[in-house]
Structures are given as C-alpha cells and as structure tokens.
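Note that the numbering used here has the sequence shown beginning at 4, numbered continuously upward. Take a look at the structure below.
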Amino acid sequence: MKRTSIRLLLLRIPLRLLLWSLFILPHFAEGRMPVDSLLTEKQAYTSREPIGFTVRLSSEAKPGTVRVIPTMSCSCSDRDFYYVVYRLGKGLGQRSRTVFLNHSEAPTAPRCQCKVRYANFKEGGSWSIPAIEKRGRYQIEVRSSTSILNSNVFVVREYPFDSEHSHGDHIPQIGNRICKRAPLFQSRSYP
4 MKRTSIRLLL LRIPLRLLLW SLFILPHFAE GRMPVDSLLT EKQAYTSREP
54 IGFTVRLSSE AKPGTVRVIP TMSCSCSDRD FYYVVYRLGK GLGQRSRTVF
104 LNHSEAPTAP RCQCKVRYAN FKEGGSWSIP AIEKRGRYQI EVRSSTSILN
154 SNVFVVREYP FDSEHSHGDH IPQIGNRICK RAPLFQSRSY P
C-alpha cells in the first residue's frame, strides 16, 4: 500500500512542475522589461569626442513606440537625460562592470520653470553624451519606466596630445618630425 502512494506522489511532482511551467512562467515573462539597443557611431573615441549613438528598439516594440527618459532638473533641453556609464574590466558579464558615471539625481532635486521633463527616444533617433576623459572600455545604460537601453561596448583612447603634454603645451607634429616653436621674444643685438 505504501509503495503505491509513493509512486503516485512521485508521479504528481513532475506533473505539477509541468503545469507550473506552462501556466505560471509565461505570466512572469510578460512582466519583464524589454532591452533596447544604443548603437554607438564608432567603436573607438578619443577622450575629447562626445559619444554619439542611435536608438534601436527591440523587435517586441510596436511601430511608433517611444521610450520616455527623465531629464535633469533645471535642464532646459531634452538632451540632458539620465544615464549611467559603466567601465568594463577584464572579465566578462555583469561582474566586470563598475559604475563610472551616474548621470541622474535625487527625486528631491530642485525644479526650474524651464525644466524639460523627458527625452523621447524613438527608433533611429540620434543622441549623444559628453566626452569621457579617462581611457578604457565602456558601456552606456539608459533606463525608462518601461525598458532598459544598453549600448554596445566601446573604447575611449587618450587624445594624442593628452598623455605627452598635459599642460596645454601642444607641439605640432608633421609625420615623424616634431616642429619646434620659435621663442616669442628674441633678443637681438645691433652693432
């Protein structure tokens, strides 16, 4: 008698798991946020170039869909939207990401009259963020209330003269030769 009840119990567990996966899991899947793409204009930028990107909405998005992104307080333009820049380490996946810049604010930040409250990210729209001045591998994330927009990984390299002459001593170069500047004032002796 006990053997039969154990067999029935063991048979019921897989049936319950099957029913659970057929009816319960799709409800959780419907509630997830779609992930959209931000395609950068280039794979590599210098430390003085703004990072430009184009919005590509997920295939699940209906035509004409707009992602509404909040903007900074006292921003009189929709170009100052919230975003996070992650610096990528040597590993793969989420563990190698560290927050480099969190361009957002507290909900209690002061408001201004000229405040533009939202940026509307549409399919194919072009946007940009200011230059990232530190070399490395990066990824941009923009969050709306209904989706997450992630950029591809891109590289920032130092501007050619930043590493050699950080004090504004720009020495022009032609090919492999360095052009020397003449002194501003030359003392001349006249006979």
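The beta carbon of each residue, even a glycine, is placed where N, CA and C say it ideally should be.
Burial state of residue i, where buried means 16 or more other Cβ atoms lie within 10 Å
i      : result
SER147 : buried
SER80  : exposed
THR74  : buried
VAL159 : buried
ALA47  : exposed
ALA122 : buried
PRO110 : exposed
Contact set for residue i: own chain, Cβ-Cβ below 7 Å, skip 5 residues either direction
i      : result
ASN153 : VAL38, SER40, LEU41, GLN142 and GLU144
LYS125 : VAL58 and VAL69
PHE103 : VAL88, TYR89, ARG90 and TYR141
ASN155 : LEU42 and THR43
Strand pairing of residue i, partner residues [DSSP]
i      : result
GLY94  : Note: GLY94 sits in no beta bridge, so no partner.
GLU144 : VAL87 and ASN153
ASP39  : LEU152
ARG121 : Per the sequence presented here, residue 121 reads as Tyr, with Arg not at that position. For TYR121, which the question treats as bridged, DSSP gives the partners PRO73.
ILE54  : ILE132
TYR48  : VAL159
ARG114 : Answer is none; ARG114 lacks a bridge partner.
For residue j and residue i, the rounded distance between their alpha carbons
i      : j      : result
TRP130 : GLU136 : 19 Å
ARG90  : ARG100 : 6 Å
ILE53  : ARG138 : Going by the sequence as given, residue 53 is Pro instead of Ile. Cα-Cα distance, rounded: 13 Å.
LYS45  : GLY128 : 16 Å
ARG98  : GLY92  : 8 Å
TYR85  : THR43  : 17 Å
PRO163 : ALA134 : 15 Å
MET36  : ASN105 : 21 Å
SER107 : SER61  : 24 Å
GLU63  : ARG51  : 36 Å
Neighbourhood of residue i by C-beta distance below 6 Å, restricted to the same chain and skipping five residues each side
i      : result
ALA112 : SER76
ILE115 : With the sequence shown as reference, residue 115 is identified as Cys, and Ile is not the correct amino acid for it. Contacts found: CYS77.
ILE117 : Ile is not the amino acid found at residue 117; the sequence shown has Cys there. The answer, listed in chain order, is CYS79.
8 Å Cβ shell around residue i - same chain, five flanking residues per side excluded
i      : result
PHE157 : THR43, LYS45, GLN46, ALA47, TYR48, ILE54, ARG140, TYR141 and GLN142
Cutoff 9 Å: residue i Cβ touching any chain B Cβ
i     : result
LEU91 : Looking for chain B here will not work: only one protein chain is present.
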